[in-house]
Amino acid sequence: MSVVEDRVLTQDIFEDLARHAVRAEEALRLEFVNGRMRGKALPDGDHGRIIAWLAQICVKSDPSRWLFGEQGLRVESYRRGNARPVASLAPLDLFVGQGEWAGPDGVLMVVEATSYDEDTDRRDRIEKPRAYAETGIPVYLLIDRDTCEVKVHSHPDGVRYEQVVTVPYGKTVTLPDPVGIELDTEPLKNWVR
Numbered sequence: 184m185s186v187v188e189d190r191v192l193t194q195d196i197f198e199d200l201a202r203h204a205v206r207a208e209e210a211l212r213l214e215f216v217n218g219r220m221r222g223k224a225l226p227d228g229d230h231g232r233i234i235a236w237l238a239q240i241c242v243k244s245d246p247s248r249w250l251f252g253e254q255g256l257r258v259e260s261y262r263r264g265n266a267r268p269v270a271s272l273a274p275l276d277l278f279v280g281q282g283e284w285a286g287p288d289g290v291l292m293v294v295e296a297t298s299y300d301e302d303t304d305r306r307d308r309i310e311k312p313r314a315y316a317e318t319g320i321p322v323y324l325l326i327d328r329d330t331c332e333v334k335v336h337s338h339p340d341g342v343r344y345e346q347v348v349t350v351p352y353g354k355t356v357t358l359p360d361p362v363g364i365e366l367d368t369e370p371l372k373n374w375v376r
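Pasting the structure below:
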């Protein structure tokens with residue numbers, strides 16, 4: 184558990200703190216994953232272009248779904264964590280009325296694109312896949328800009344994703360059901376350092 188001034192950081196306290204942090208500093212985004220509060224790196228231009236590219240593909244495949252950017256989700260066992268995925272693929276009305284931190288039920292896929300910061304390895308490759316699998320989100324797509332690979336995690340068993348498919352940029356990869364998209368990753372080569 185994280186401790187703030189000798190107090191245990193609960194999910195309610197975290198959500199209140201995150202709300203105030205955003206008001207105080209627009210550039211600050213907080214997450215509470217695996218019992219730890221962390222700041223989230225701000226996206227750069229290439230990062231934004233990757234998400235725009237993926238949004239176009241997702242909407243074209245099924246206009247009744249949308250790739251929502253930065254929607255906060257309650258994740259982990261018993262919803263005791265808060266993550267802000269780069270994007271979440273969900274039916275258009277799924278988050279209506281849910282506020283800043285929504286429940287994950289109905290989310291088809293979460294997406295992360297690695298940032299060029301020191302915490303990306305632990306956050307995007309270890310903690311978030313575990314949290315998303317525990318929550319039962321069917322597909323976790325990691326666009327890894329450090330390794331120039333795409334990793335598709337699927338078939339969550341409540342602890343981990345049972346299947347992980349890794350392809351280098353330039354290959355086609357299947358985003359399995361309920362997403363059901365063939366993703367040509369060739370354009371990703373244009374948006375790495």
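Here this note's numbering is used: the first residue of the sequence shown is 184, the next is one more, and so on. Cβ coordinates follow ideal geometry from the N, Cα and C atoms, glycine included.
Residue i to residue j span [Cα, whole Å]
i: K372; j: Y352; result: 6 Å
i: R308; j: S298; result: 12 Å
i: Q281; j: D195; result: 15 Å
i: H336; j: E283; result: 25 Å
i: R343; j: L256; result: 18 Å
i: Q346; j: H338; result: 6 Å
i: H230; j: E317; result: 26 Å
i: V356; j: V350; result: 7 Å
i: A235; j: E310; result: 25 Å
i: E332; j: G264; result: 27 Å
i: F251; j: E369; result: 23 Å
i: I364; j: V290; result: 15 Å
i: H320; j: A270; result: Looking at the sequence provided, one finds Ile at residue 320 rather than His. Their Cα atoms are separated by approximately 13 Å.
i: D329; j: E295; result: 13 Å
i: V322; j: T193; result: 27 Å
i: V242; j: R313; result: 27 Å
i: S244; j: I233; result: 17 Å
i: A266; j: I240; result: 24 Å
i: L325; j: L277; result: 22 Å
i: W249; j: V293; result: 12 Å
Buried versus exposed call for residue i [16 or more other C-beta atoms within 10 Å across all chains shown]
i: E209; result: Bear in mind that a pLDDT of 47 at E209, under 50, signals an unreliable position, so the number given afterwards is only what the model happens to contain. Flag for E209 reads exposed.
i: D288; result: exposed
i: L275; result: exposed
i: D367; result: exposed
i: D340; result: exposed
i: D327; result: buried
i: K354; result: exposed
i: R376; result: exposed
i: K334; result: buried
i: P246; result: exposed
i: V279; result: exposed
i: M184; result: Reliability of the predicted coordinates at M184 is poor, the pLDDT of 43 falling under 50, and no value is obtained from them.
Continuous alpha helix (DSSP H) stretch holding residue i: start and end
i: R311; result: For the record, residue 311 in the displayed sequence is Lys; it is not Arg. Unbroken alpha helix (DSSP H) run through K311: K311 to T318.
Residues bridged to residue i (per DSSP)
i: V350; result: V333
i: Y299; result: None, per the DSSP bridge assignment.
i: P287; result: None; P287 has no bridge partner.
i: P339; result: Y344
Residue interval of the beta strand (DSSP E) (run including residue i)
i: S247; result: Premise fails: S247 is in no beta strand (DSSP E) and is neither H nor E.
i: D367; result: I364 to D367
i: N265; result: G264 to A266
i: V258; result: G255 to V258
i: V274; result: The sequence given here places Pro at residue 274; Val does not occur at that position. Residues A270 to P274.
i: L324; result: V322 to D327
i: L358; result: T355 to L358
Closer than 8 Å to chain B by CB, residue i
i: C241; result: Note that chain B does not occur in the displayed structure, where there is just one protein chain.
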